[in-house]
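Going by the numbering used here, the first residue of the sequence shown is number 127, and it counts up by one from there. Every residue, glycine too, gets a C-beta built ideally from N, C-alpha and C.
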Amino acid sequence: MNELDSELVTGQLRTLGYAMTPDREHADVVLYNTCSVREHAEQKVWSRLGEDRLRKLIRPATVVGVIGCMAERDGVDLIRRMPVVDVLCGPGELDKLPALIDNAVRTRESLLGDEPPAGVELDDRGRIVLEDSEERRRLTSAAAVALQGNTSRRSGTLAAAADSLELLDLSRSVSPDEHSGSAYVRITRGCNKFCTYCVVPFTRGAETHRPPEHIVEECRRLADAGVLEITLLGQTVNHYRFEHGASVSVGGVVQPQKGRSYQGGHRRDPFAGERTTTFADLLAMIHERVPGIKRLRFVTSYPRDFGDDVLEVIRDHPRICRYLHVPAQSGSNRILQAMNRGYSIEEYFEFLDRARAFLHQPEIGRPLTVAGDIIVGFPSETDDDFRATAGLVERARYKNCFIFKYSPRPGTIAFDKLADDVPEDVKRRRNSELLAIQQRVSAAVGAEFVGRTLEVFVQGVSKREAKRRQGASGGGGIAGGSVALTVGGKGVAVAGASCSAEASIVENPPAAGDVGGGAQLTSRTDGDLIVLFDVPAGRSAAELIGTIVPVRIERSEALALHGTVTPAAG
Ligand code: 5AD
Ligand code: SF4
127 MNELDSELVT GQLRTLGYAM TPDREHADVV LYNTCSVREH AEQKVWSRLG EDRLRKLIRP
187 ATVVGVIGCM AERDGVDLIR RMPVVDVLCG PGELDKLPAL IDNAVRTRES LLGDEPPAGV
247 ELDDRGRIVL EDSEERRRLT SAAAVALQGN TSRRSGTLAA AADSLELLDL SRSVSPDEHS
307 GSAYVRITRG CNKFCTYCVV PFTRGAETHR PPEHIVEECR RLADAGVLEI TLLGQTVNHY
367 RFEHGASVSV GGVVQPQKGR SYQGGHRRDP FAGERTTTFA DLLAMIHERV PGIKRLRFVT
427 SYPRDFGDDV LEVIRDHPRI CRYLHVPAQS GSNRILQAMN RGYSIEEYFE FLDRARAFLH
487 QPEIGRPLTV AGDIIVGFPS ETDDDFRATA GLVERARYKN CFIFKYSPRP GTIAFDKLAD
547 DVPEDVKRRR NSELLAIQQR VSAAVGAEFV GRTLEVFVQG VSKREAKRRQ GASGGGGIAG
607 GSVALTVGGK GVAVAGASCS AEASIVENPP AAGDVGGGAQ LTSRTDGDLI VLFDVPAGRS
667 AAELIGTIVP VRIERSEALA LHGTVTPAAG
């Protein structure tokens, strides 16, 4: 989700004349796209902001912005703690970011004689004001701030108001230069689940569903620009449902709709009328109308209410990947209840069995792979609860599983009501025990592919190769690991913190054109397994990256398969 937000933001900034710079030290604007899901991710941002404070002593004109969930959650407290921050923008207000930055830059350059951008109000000191609470105005008079402040939950019918985020998605710039064969497309925003540990319903607001015609059109534009692989995004992506009779158009743009609860059990939702586009309908529609997309997948699915209609559509459409990311979070019913997950572990297994019955067909070369998320050390988790979770990880046969230690997040229900009573060393021990189990399971799942030839989508040079090349060129790499932009003289550095990996910072791999035969490339199967292989003699990395090639799998390790491009690829 954050990666897509970064792409949309940088696309918008480019149109204003900004460009990426790989140099955070000398960038005129430094932006942090933040994640609040776990505390660790936030700590990284605090430490970067500390560095920026020092840098600003030397380069006072630098504009520092915090965008995303942390901005929304901490709000002006963030500025109180780190006055180095000039711009604050929540994930629900990203369409306003270009105006905020543009203004901050111009303010810094003392060009306040200019008219403010349309729709933006300046205070008497020439700074943008988008919030009208007295307190906020007082605290943020030195900064530009756009926060949703949870208004999306308060407004009765979102459809009645223009959803400016939809315009941001619609204005996405699509070109072969920006997309190397693979792209994300958002289908829903926000979440209504309120799992007791999770900040997302507060930071990203209520669940809304984008109009299917907008989604299909975006996929078509991406396919026209050479994209082969699309991942549909949503916090609970399989809840997608759009009712056409109820849609509202503002300024000629059909507006997203508030999420409704799915009522279909295993069948197509019986309350879905003829003019409803369900998630299954949407998948079939994209498959049919955008044949240029060779791989269509989606994340993240919510285990409950996963209809057979969706499984049937996946089974019957060859370009929809047989890959599901369906977090269980715990194997203990007591903990699942305390997490407010809304299903029992028996129901979760029933779902996995049903999904495998529909989709796991290794005999015709179409296996199903499943990935999961687990939280260990949730309040009151006992050894018995943990044993149940370990049993789940053994039995679920995930191809990989993201394992997190519970991190109490202020503002969530668990933070307010439940003591964080599992000691850190117990959390750590449970975390490593599960990792060890998952490593064994991943190795066993991978071993089943040895000897087979799989179609893989080539993503770029492998981490090992990138390191080797950096070593050979005497270091280099990206200062601070951030991705940077330069824009018409203005440099913007954007550092990302992903929602599903711990504050991962996007890395810049070496240019593909530099890499010749023998170099190691990384790729993914349609089931999202990582496959590493060497560029065959006589071919270059540049011609392989962004394409789909057949690779014969020779060996399997816990984290990756290794193979060779088969002659058929030539
Ligand atoms: N502590 C630990 N892990 C969390 N996740 C979400 N909130 C928390 C938290 N407070 C994990 C869940 C979710 C993934 C994106 O992050 O496993 O599926
Ligand atoms: Fe958070 Fe996912 Fe639960 Fe929504 S469904 S509250 S995003 S963990």
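- A distance of 8 Å or more separates the beta carbons of residue 342 and residue 425.
- DSSP, read as helix, strand or coil, puts residue 319 in coil.
- Contact check for residue 352 against residue 583 fails: the beta carbons are separated by 8 Å or more.
- Distance between residue 672 and residue 585, taken at the CA atoms: about 6 Å.
- Under the DSSP definition of a beta bridge, residue 449 partners with 495.
- DSSP, read as helix, strand or coil, puts residue 585 in strand.
- Here residue 490 is exposed. Its C-beta has fewer than 16 other C-beta atoms within 10 Å.
- Each residue's CA atom was taken as its position, placing residue 526 and residue 303 some 31 Å apart.
- Taking C-alpha positions only, residue 580 is separated from residue 378 by approximately 45 Å.
- With the criterion CB distance below 6 Å from any heavy atom of the ligand SF4, the matching residues run 317, 319, 320, 321, 324, 326, 327, 361, 362, 428 along the chain.
- Check the Cα spacing between residue 192 and each of 360, 131, 513: the tightest is with 131.
- A Cβ-Cβ separation of about 6 Å places residue 354 in contact with residue 421 under the 8 Å criterion.
- Counting only runs that start and end inside the region 343–372, the beta strand (DSSP E) elements of at least 3 residues fall at 355–359, 367–369.
- For residue 291, the uninterrupted alpha helix (DSSP H) run begins and ends at 290–296, by DSSP.
- In this chain, residue 324 is not harboured by any alpha helix (DSSP H), its DSSP state being neither H nor E.
- Residue 577 sits exposed, since fewer than 16 C-beta atoms from the chains shown fall within 10 Å of its C-beta.
- With respect to the 8 Å criterion, residue 557 and residue 502 are classified as neighbours on the basis of their beta carbons.
- Excluding five sequence positions before and after residue 430, the CB atoms of its chain that fall closer than 6 Å to its own CB belong to 468, 469, given in chain order.
- Proximity of the region 319–334 to the region 538–550 meets the contact definition, three or more beta-carbon pairs being nearer than 8 Å.
- By the 16-neighbour rule on beta-carbons within 10 angstroms, residue 654 is buried.
- Per DSSP, reduced to three states, the secondary structure at residue 304 is coil, with no helix or strand assignment.
- For residue 679, the enclosing beta strand (DSSP E) begins and ends at 674–682.
- When secondary structure is reduced to three states using DSSP, residue 501 falls in the strand class.
- Per DSSP, the unbroken beta strand (DSSP E) holding residue 526 starts and ends at 526–531.
- When the alpha-carbon of residue 455 is set against those of 509, 530, 144, the nearest one is in 530.
- Here residue 215 carries a strand assignment [DSSP, helix/strand/coil].
- When DSSP states are grouped into helix, strand and coil, residue 194 belongs to the strand group.
- Bridge pairing for residue 310: 357 [DSSP].
- Distance from the CA of residue 296 to the CA of residue 410, rounded to the nearest whole angstrom, comes to 22 Å.
- In the three-state reduction of the DSSP assignment, residue 169 falls in the helix class.
- About 7 Å separates the beta carbons of residue 435 and residue 404, which is inside the 8 Å limit, making them a contact pair.
- Put simply, of 443, 564, 507, 649 the residue whose alpha carbon is nearest the alpha carbon of residue 463 is 507.
- Between the C-alpha atoms of residue 344 and residue 311 there is a straight-line separation of about 7 Å.
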